Amino acid sequence: MEKATLAGGCFWCTEAIFKRLKGVRRVISGYSGGKLQNPSYGQVSSGASGHAEAIQIEFDPKIISYEKLLEVFFKLHDPTTKDQQGSDVGSQYRSVIFYHTDKQRKEAEQMSEQMQKLYQNPIVTEIVPFKNFYTAEGYHQNYYEKNSDAGYCRIVIDPKITKLYKEFGSNVKED
Numbered sequence: 688m689e690k691a692t693l694a695g696g697c698f699w700c701t702e703a704i705f706k707r708l709k710g711v712r713r714v715i716s717g718y719s720g721g722k723l724q725n726p727s728y729g730q731v732s733s734g735a736s737g738h739a740e741a742i743q744i745e746f747d748p749k750i751i752s753y754e755k756l757l758e759v760f761f762k763l764h765d766p767t768t769k770d771q772q773g774s775d776v777g778s779q780y781r782s783v784i785f786y787h788t789d790k791q792r793k794e795a796e797q798m799s800e801q802m803q804k805l806y807q808n809p810i811v812t813e814i815v816p817f818k819n820f821y822t823a824e825g826y827h828q829n830y831y832e833k834n835s836d837a838g839y840c841r842i843v844i845d846p847k848i849t850k851l852y853k854e855f856g857s858n859v860k861e862d
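Quick note: the sequence shown uses the working numbering, first residue 688, plus one each step.
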């Protein structure tokens, strides 16, 4: 198993997307990229912690490549908006790839260049070395599965899942 750590806006959205992919064993919502140790949701939400809402993905590279995870990442959030995804605004919603190895760094840089062709505005996704990851509070884990009827889930997450099935159907787990 390998790990990938990504931030692409609200972790409820990214967790719901990536846990549906074949080869993904586990997705954890949390915080990464800041200096504050063991931050709370309130501290991250304030924007003062330096952390981004992130997910840590445990995946089997024999089933799904890191490159495929990056492709899904770039296509299912807007990597051209700095510190914002939709109505979620602040540095805690920034787009970041936290690479664990030099190979991941190179693949992230190549994918960013490749994906730029799909966007008119420049991609602003940060590609930085992984330093820390703190698991978010329990009520954030599996949020979509527990709250799929909530307004945010229906308005924001459902369209992303629909897009996932449309664009990456062969990579999605069977229900």
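Positions of the beta carbon are idealized from the N, C-alpha and C atoms, including for glycine.
Treat the numbers as computed from the prediction; the structure is a model and nothing was measured.
Per DSSP, the continuous alpha helix (DSSP H) segment holding Q791 begins and ends at 789 to 803. Annotated three-state conformation of I848 is helix, per DSSP. DSSP lists no beta-bridge partner residue for T812. Beyond the five residues adjoining it in sequence on each side, F698 comes within less than 6 Å, by CB distance, of S716, E740, I742 in the same chain, given in chain order. Scanning the stretch 689 to 723 from its first residue to its last, the whole beta strand (DSSP E) runs of 3-plus residues come out as 689 to 695, 711 to 719. In the DSSP annotation of this structure, the continuous segment of the beta strand (DSSP E) that includes S782 starts and ends at 782 to 786. Here S733 is exposed. Its C-beta has fewer than 16 other C-beta atoms within 10 Å. Q743: not part of any alpha helix (DSSP H); member of the beta strand (DSSP E) spanning 739 to 746, first to last residue.
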